[in-house]
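Since the structure comes first, as structure tokens, the remarks are kept for the end.
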Amino acid sequence: GMAMGPMALGDLVGQELFWKQRKAAGDMNKQTKTYFGPYELTDWLCELGRFGMKTPDPSIKADGRGVFIHRGRDKFVDPEVVAKLDEVRKAKGVTPRPVSDEEIVERLFYPLINEGFKILEEGFVARSSDIDLAYIYGYGFPPSKGGPMFFAENYVGFQKILERLKVYDAQAKERYTKNSAYLPIDYFVPSKLLEACAAKQGTKVFPGQTLIDVVLKDFRKSHDGAGPFSKL
Numbered sequence: 010g011m012a013m014g015p016m017a018l019g020d021l022v023g024q025e026l027f028w029k030q031r032k033a034a035g036d037m038n039k040q041t042k043t044y045f046g047p048y049e050l051t052d053w054l055c056e057l058g059r060f061g062m063k064t065p066d067p068s069i070k071a072d073g074r075g076v077f078i079h080r081g082r083d084k085f086v087d088p089e090v091v092a093k094l095d096e097v098r099k100a101k102g103v104t105p106r107p108v109s110d111e112e113i114v115e116r117l118f119y120p121l122i123n124e125g126f127k128i129l130e131e132g133f134v135a136r137s138s139d140i141d142l143a144y145i146y147g148y149g150f151p152p153s154k155g156g157p158m159f160f161a162e163n164y165v166g167f168q169k170i171l172e173r174l175k176v177y178d179a180q181a182k183e184r185y186t187k188n189s190a191y192l193p194i195d196y197f198v199p200s201k202l203l204e205a206c207a208a209k210q211g212t213k214v215f216p217g218q219t220l221i222d223v224v225l226k227d228f229r230k231s232h233d234g235a236g237p238f239s240k241l
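Add 9 to the 1-based position in the sequence shown for my numbering, that's all there is to it.
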């Protein structure tokens, strides 16, 4: 139910945004909480000057060119991008396989939810609804799902999210420890607060409460965080 996918969003804001930041930092492999690899495709696009909707290409009558070729309000994946992806895949030794819709949702949203738990445990927000409101009004998260933290508690379940994160984290670690073509990642590493919530799944809470916030209150008594809400 998101308004657009990450590739379309990249073409909208400009594929060069974090490419320029990494160039300025002098480290093209730099990763932060805001941007992280893999970078092969976006670096190739930026080196060609294809930043997305802001870079037209008159030679193919495109109003913008990045991952997609944009013509008016229509867009389609650039065939050259498909060919480049195949080249990158072969260079990394990746064997193509079918990927289900469920796996796509898990890989995109479970790390987002996991990061929400980390922000809570670090004390940078007071309560889970702060994250939900920010994502509904700021990032287009489907209001019908209540925000990522509400979605986690009421639609998916903490135990399932924890289980799947562990699977994807193990797969990622195997890739980047055995294949130097992969950058190390940590966004699948489960939050300690998520683990605590999974252990309490099924606990009844009063109307108007969330289990996340109930567990968080006890969690903050025994864990230090860098944020201003860490001891509330």
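All residues carry an ideal CB built from backbone N, CA and C; glycine is no exception.
| Query | Result |
| --- | --- |
| Would you mind reading off the limits of the beta strand (DSSP E) that contains R80? | 77–80 |
| Of the choices G75, R82, L203, A135, whose alpha-carbon is the least far from that of I122? | L203 |
| Taking the CB atoms as reference points, tell me whether G166 and A235 lie closer together than 8 Å. | no |
| Measure the CB-CB distance between T219 and S153 and report whether it falls below 8 Å. | no |
| Express the C-alpha separation of E162 and I221 in angstroms, rounding to a whole number. | 8 Å |
| When the Cα of L54 is compared with those of G14, F228, A92, which residue comes out closest? | A92 |
| Which residue from D87, T51, P47, D52 puts its Cα closest to that of D66? | D87 |
| Distance, Cα to Cα, Q180 vs F60? | 31 Å |
| For the beta strand (DSSP E) holding V86, just list the boundary residues, first then last. | 83–86 |
| Which residue from Y148, K240, D83 puts its Cα closest to that of P15? | Y148 |
| If contact is defined by three or more beta carbon pairs under 8 Å, each pair taking one atom from either stretch, is the region 15–29 in contact with the region 70–79? | yes |
| What first and last residue would you give for the alpha helix (DSSP H) that runs through G147? | 137–148 |
| Going by the CB atoms, is the gap between L225 and F197 shorter than 8 Å? | no |
| Take Q168 and list the residues in its own chain whose beta-carbon comes closer than 8 Å to its own, dropping the five residues that flank it on each side. | A207, Q210 |
| Quick one: using the 10 Å Cβ neighbour count with 16 as the cut-off for buried, is D20 buried or exposed? | buried |
| Distance, Cα to Cα, K63 vs E56? | 15 Å |
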